[in-house]
Amino acid sequence: MNANICCLVCLKAFDCAPNKLEDGEEKLLSRFLKFVENHLKIPTFLKINSKSNAFCEKCELVVISPICDIYLQLLSVQLKLSWELGQLSKLMINSQSSLSDNLMGINMKALGTQFGFDNPADLEQFRSSLMAKCKSW
């Protein structure tokens, strides 16, 4: 016996055989709800009913699956970016500690001239801010 249920997105009724939910479909709803909570900042109070689909086939294929796929890619990119910024921070900190104060002052002045900073302290403040932001990511 098929159950007549509604799609969360388009509200259209569609037929679905009870207990026919595949693991992937339940995971899709979970991923979509995480996207809604974490990226859109909308609290969800929906409970995952393991006995029925949440999306009709059209909405699942055309809208929900691509959103979830792109969101997973975004999370992956954020993780990679976070790691790379950490590496940049470590490199900047290590290079700073490996130079003598005198040599660092000379190099900062040369770098300031190279980038058109009149005051090397402005460049040093920029580098410090960059290191702090990279560290906090």
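Position one of the sequence shown corresponds to residue 0 (numbering that gives the first Met the number 0), numbered consecutively onward. In this text, a Cβ means the ideal position worked out from N, Cα and C, and glycines have one as well.
query, result
"Return the first residue and the last residue of the beta strand (DSSP E) that C15 is part of.", "A12 to C15"
"Any contact of the segment 80-97 with the segment 36-46, i.e. 3+ C-beta pairs under 8 Å?", "no"
"How many angstroms separate the CA atom of Q113 from the CA atom of C133?", "23 Å"
"Quick one: Cα of D68 to Cα of L90, how far?", "33 Å"
"Could you have a look at I4 and say whether DSSP puts it in helix, strand or coil?", "strand"
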